[in-house]
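*Asks:* Here it is: the structure, laid out below.
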Amino acid sequence: MGFWLVCSPQEEASSPRLTCTALGTLATSTATGVVEAMQDKGTIIVGVTPPSHPQPLRVAFTAARTANYTPGTLDQPITFDQLHSNLGEMFNTNVGRFICPANGTYVFLFHILKLAVNVPLYVNLMRNDEVMVSAYANDGAPDHETASNHSILQLYQGDQVWLRLHRGSIYGSSWKYSTFSGFLLYQD
Amino acid sequence: MGFWLVCSPQEEASSPRLTCTALGTLATSTATGVVEAMQDKGTIIVGVTPPSHPQPLRVAFTAARTANYTPGTLDQPITFDQLHSNLGEMFNTNVGRFICPANGTYVFLFHILKLAVNVPLYVNLMRNDEVMVSAYANDGAPDHETASNHSILQLYQGDQVWLRLHRGSIYGSSWKYSTFSGFLLYQD
Amino acid sequence: MGFWLVCSPQEEASSPRLTCTALGTLATSTATGVVEAMQDKGTIIVGVTPPSHPQPLRVAFTAARTANYTPGTLDQPITFDQLHSNLGEMFNTNVGRFICPANGTYVFLFHILKLAVNVPLYVNLMRNDEVMVSAYANDGAPDHETASNHSILQLYQGDQVWLRLHRGSIYGSSWKYSTFSGFLLYQD
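Protein chains in written order, with full-length UniProt numbering: chain A, 1 to 188; chain B, 1 to 188; chain C, 1 to 188.
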C-alpha cells in the first residue's frame, strides 16, 4: 500500500534535474518509510507509504438463544448462549449486553419468539436504563409469535445496549428463533 | 494526514543525488501543500498531504410514533413525533418523509404495531408513489400485532421514501413500538 | 485523485537543492505514474497518484416474491421473482441463493408472509447446509402472519446463503410482503 518513486538525474544537465517515475505499489505495508538509494548513475529509489487511514473500527454481533427463558420477575435482561458473529468482541452473551467501544451511529435489530403460552411478551431495547424501542407479541391460541423491532442509535463510548424482557416467556431452540444483533454503521 | 519527505544531497556526489526518508505523518491536515526547504547542507523537507477523500456522506434516521393513529381515509402517510437519530437531517417527522440527499444504496426498516381492534393493518413502504414492499398484521382476538418489513433501495437524489398506512390503526406509546428507519449503505 | 509535486532547483545553490510545492489534485486517475519534466530552469513536475484504495466491494440485494408458493415437500428453497437491488449481482432469484463474492461480514434480513391457511410457516436462514436462524408464523384464524428474522454472518467466498421453507405456504402479491435482503457490511 505504498509506491516507489524512481528518480534519475539527467546526466547532461548542469542544474540538478531529476526525472522520476512512480512505480506500482509496495507489496506489503512493511515498507513504510523505507528508502533505497540506487547508486548507479545517481538514481534514487524512494519507497513511500502514504499515511494509512487508520483501520476503521468494525463492530458487529448476532447473538441467539437456544433455551427457553421464563424469569420469575419483571424487567430481566435477556441473555444468550450462541454467537454468529462478535466482531470487536463487545457483546457479552452471559449478561446480554453490548458495550459501545467508540462514539458513533449503531444499528440494532432483534427478534424474540414467545413461548406458546397465554402470556403476552413485552421486550424493550434499552440504552443504559432508558427504553429506546419496544416490541409486543401475543397469540390467544396460545401459539408462538415474534416480538421484533430495531433502532439506529447514536451511542457514546461505554453506553450499554441490551434487551429487557419486561414480561413473558421466550422460546429457545437450536434453530435460533430468538436473536439480537447490532453493528457499527458510522464511527464519529 | 500527510507525510514528510526529507531529502538530502549526497555531498560527495558530482551528479545530483538525493537521499530521501519518509517521516511519520503530519499532525493535522492544515499542512496541505506546505513545503519547507531546510537550507542546511541542501536538505529539503517536503510536507505533502495526499488528496483527502471527501468525508463520506452519513445518513441515518430512526423515527418513532408515541400516539395512536386512525386516519379516516385510506392510504395516508404515517407521521412520527420522535427521532432517535437523524444524521443528515433528511427525515421530516411531520410529513413522515425521507428525502434522498444523494444517489446511492439505502436500507429501510419498519415495525408498525396495530391497535387491538378487529381491523387488519396494511402498511406500504413507498418510493415516491410506488409501492416497494408491504406488511400486514391482523389478530382476531383482537390484539396487537406488528406489521414489519424492510428493503434495500437504489435511490436518486430527491427521491422520497415514506410509509403509507393503506388501512388500519396504529398503536402509539412512549415505549415506541412503531418505528421507521433508514440509512445510507453505499453512496454512488 | 493524485497530486503534483513541482520541484525547482535553487539556482544559486552549489549543492543540489530542490524546492517543491504540492499542487492540487489530479483531475482523473488516469495520471497514475505520469511524470512530466518541465525543462525550464530545471524544474521538474512529478504527477503522482497515491496507491488508490481499491474501490470497496459493494454487495446488496433485496428480492421479493409476488406469487404464492406451496411446495409439496419439506425443506425447499424459497425462490423470488423481483429484485429491488442486486448490487454486485450475487443473488440469483431463480434458485434463491446468494453467493458470497468475498470474505467478510454480511447482514441478512427476511420477512415471509404465510398464506391464510391453518398450516404454520417455518423458515430457516441457511448458510450452505446449516441453519443459522429461523422464523415461525401461525395464526389460528386462519390468517396471514409474517415469519421474520435476521443475522449478521461471517462468510467466506463461495458460501451460499438462502431461505429454506421448512414447512408451510407463502403468500405472494405485487405488494411484495415476502422479501429477502442481504448486504456486505465489512469486507475482510
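Positions of the beta carbon are idealized from the N, C-alpha and C atoms, including for glycine. It should be emphasised that the depicted structure is a prediction, and the values quoted were computed from it without experimental measurement.
Per the contact definition of three or more C-beta pairs closer than 8 Å, is the region 130 to 149 of chain C in contact with the region 95 to 107 of chain C?
*Replies:* Taking 8 Å as the limit for Cβ pairs, the verdict is that the region 130 to 149 of chain C does not touch the region 95 to 107 of chain C.
*Asks:* ARG164 (chain A) by DSSP, collapsed to three states: which one?
*Replies:* Strand at ARG164 (chain A).
*Asks:* Please confirm if THR93 (chain B) has its CB atom under 7 Å from at least one CB of chain A.
*Replies:* No, its Cβ sits nowhere closer than 7 Å to a Cβ of chain A.
*Asks:* Counting contacts by CB-CB distance shorter than 7 Å, is SER109 (chain C) in contact with chain B?
*Replies:* Residue 109 (chain C) is actually Leu in this sequence, not Ser. Yes, its Cβ sits closer than 7 Å to a Cβ of chain B.
*Asks:* Leaving aside the five residues before and after ILE170 (chain C) along the sequence, list all residues of the same chain whose C-beta is less than 8 Å from its C-beta, in chain order.
*Replies:* Closer than 8 Å at Cβ, skipping near neighbours: ARG65, ASN68, TYR69, THR70, ILE78, ILE112, LEU113, LYS114, LEU115, LEU121, SER178.
*Asks:* Determine, using beta carbons only, whether TYR156 (chain B) comes closer than 7 Å to chain C.
*Replies:* With 7 Å as the cut-off, TYR156 (chain B) does not count as an interface residue toward chain C.
*Asks:* Checking contacts by CB at 7 Å: is LEU163 (chain A) closer than that to chain C?
*Replies:* It does not: the Cβ of LEU163 (chain A) has no partner Cβ on chain C nearer than 7 Å.
*Asks:* Within 10 angstroms of its Cβ, does GLU130 (chain B) collect 16 or more other Cβ (buried), or is it exposed?
*Replies:* Flag for GLU130 (chain B) reads exposed.
*Asks:* Output, in sequence order along the chain, the residues in the region 72 to 92 of chain C whose CB is closer than 9 Å to any CB in chain B.
*Replies:* Listed in sequence order: HIS84, SER85, LEU87.
*Asks:* Along the chain, where does the beta strand (DSSP E) that runs through VAL133 (chain C) open and close?
*Replies:* Start and end: 130 to 137.
*Asks:* Going by beta carbon distance, what residues of the same chain come within less than 7 Å of VAL59 (chain A), once the five residues before and after it are set aside?
*Replies:* If we look at VAL59 (chain A) and ignore the five residues flanking it on each side, its Cβ neighbours are LEU87, GLY88, MET90, PRO101, PHE183, LEU184.
*Asks:* Taking the Cβ atom as the reference point for each residue, do ARG127 (chain B) and ASP81 (chain B) lie within a distance shorter than 7 Å?
*Replies:* For ARG127 (chain B) and ASP81 (chain B), no; Cβs fall outside 7 Å.
*Asks:* If the cut is a Cβ gap below 8 Å, which residues of chain B does residue 194 (chain A) touch?
*Replies:* For residue 194 (chain A) there is no data in the structure shown, the boundaries of chain A being 1 and 188.
*Asks:* Considering only their Cβ atoms, is the gap separating THR62 (chain C) from SER181 (chain C) smaller than 7 Å?
*Replies:* Against a cut-off of 7 Å, the Cβ pair of THR62 (chain C) and SER181 (chain C) comes out as a contact.
*Asks:* Verify the CB distance criterion: does PHE183 (chain A) have a CB-CB separation below 7 Å to chain C?
*Replies:* So, interface residue.
*Asks:* Closer than 8 Å by C-beta to ALA141 (chain A): which residues in its own chain qualify, once you throw out the five before and the five after it? Chain order, please.
*Replies:* Hits under 8 Å: ALA116.
*Asks:* Count the other CB atoms, across all protein chains shown, that sit within 10 Å of the CB of TYR186 (chain C); report buried if there are 16 or more and exposed otherwise.
*Replies:* It counts as buried.
*Asks:* According to a CB-to-CB cut-off of less than 9 Å, which residues of the region 141 to 154 of chain A neighbour chain B?
*Replies:* Against chain B - using a Cβ distance shorter than 9 Å - the residues of the region 141 to 154 of chain A are GLU145, THR146, ALA147, SER148, ASN149, HIS150, SER151, ILE152, LEU153, GLN154.
*Asks:* If we count the other Cβ atoms within 10 Å of its Cβ and call it buried at 16 or more, is ASN124 (chain C) buried or exposed?
*Replies:* So ASN124 (chain C) counts as buried.
*Asks:* Would you say ALA60 (chain C) reaches chain B, if we count a Cβ-Cβ gap shorter than 7 Å as a contact?
*Replies:* Yes - at least one Cβ of chain B is within 7 Å of the one on ALA60 (chain C).
*Asks:* Near ILE99 (chain B), what residues of its chain come up, given a Cβ to Cβ distance below 6 Å and the 5 sequence neighbours on each side ignored?
*Replies:* Contacts found: MET90, GLN160.
*Asks:* With a threshold of 16 other CB atoms inside 10 Å of the CB of GLN154 (chain B), please say whether the residue is buried or exposed.
*Replies:* Buried, since its Cβ has 16 or more Cβ neighbours within 10 Å.
*Asks:* Taking the alpha carbon of TRP175 (chain B) as the point to measure from, which residue in A:HIS84, A:SER151, A:LEU57 has its own alpha carbon closest?
*Replies:* The option with the nearest alpha carbon to TRP175 (chain B) is A:SER151.
*Asks:* Confirm, please, whether the CB-CB distance from GLY168 (chain C) to VAL95 (chain C) is below 7 Å.
*Replies:* No, they are not a contact pair.
*Asks:* Would you identify the three-state DSSP class for ALA63 (chain B), choosing helix, strand or coil?
*Replies:* Correct three-state label for ALA63 (chain B): strand.
*Asks:* Got a sec, what are the start and stop residues for the beta strand (DSSP E) GLN154 (chain A) sits in?
*Replies:* Segment 146 to 155, the beta strand (DSSP E) holding GLN154 (chain A).
*Asks:* So is TYR69 (chain C) in contact with chain A if we call contact Cβ pairs under 7 Å?
*Replies:* By this cut-off, TYR69 (chain C) is not an interface position.
*Asks:* To the nearest angstrom, how far is the alpha carbon of TYR156 (chain C) from that of GLY72 (chain A)?
*Replies:* Roughly 42 Å between the two C-alpha positions.
*Asks:* For ALA64 (chain A), which residues in chain C fall below 9 Å Cβ to Cβ?
*Replies:* Ordered by position in chain C, the residues that pass the 9 Å Cβ test against ALA64 (chain A) are MET132, VAL133, SER151.
*Asks:* Which first and last residues belong to the beta strand (DSSP E) in which ILE112 (chain C) is found?
*Replies:* That run of the beta strand (DSSP E) goes 104 to 113.
*Asks:* Between THR144 (chain B) and ASP75 (chain B), how many whole angstroms is the CB-CB distance? I'm expecting something under 8 Å.
*Replies:* Before going on, a small fix: residue 144 (chain B) reads as His here, not Thr. Wrong, their Cβ atoms sit about 22 Å apart, outside the cutoff.
*Asks:* Among residues of its own chain, excluding the 5 on either side of GLY172 (chain C), which ones have a beta-carbon nearer than 6 Å to its beta-carbon?
*Replies:* Within the same chain, GLY172 (chain C) has close Cβ partners ARG65, THR66, ALA67, ASN68.
*Asks:* Looking at the ligand SAH, does it come within less than 6 Å of PHE180 (chain B), judged from the CB to the closest heavy atom?
*Replies:* Absence of the ligand SAH is noted for the structure shown, with no ligands found whatsoever.
*Asks:* Please work out which residues of its chain come closer than 7 Å, Cβ to Cβ, to PRO56 (chain B), disregarding the five sequence neighbours upstream and downstream, and give them in chain order.
*Replies:* These residues qualify, in order along the chain: GLN187.
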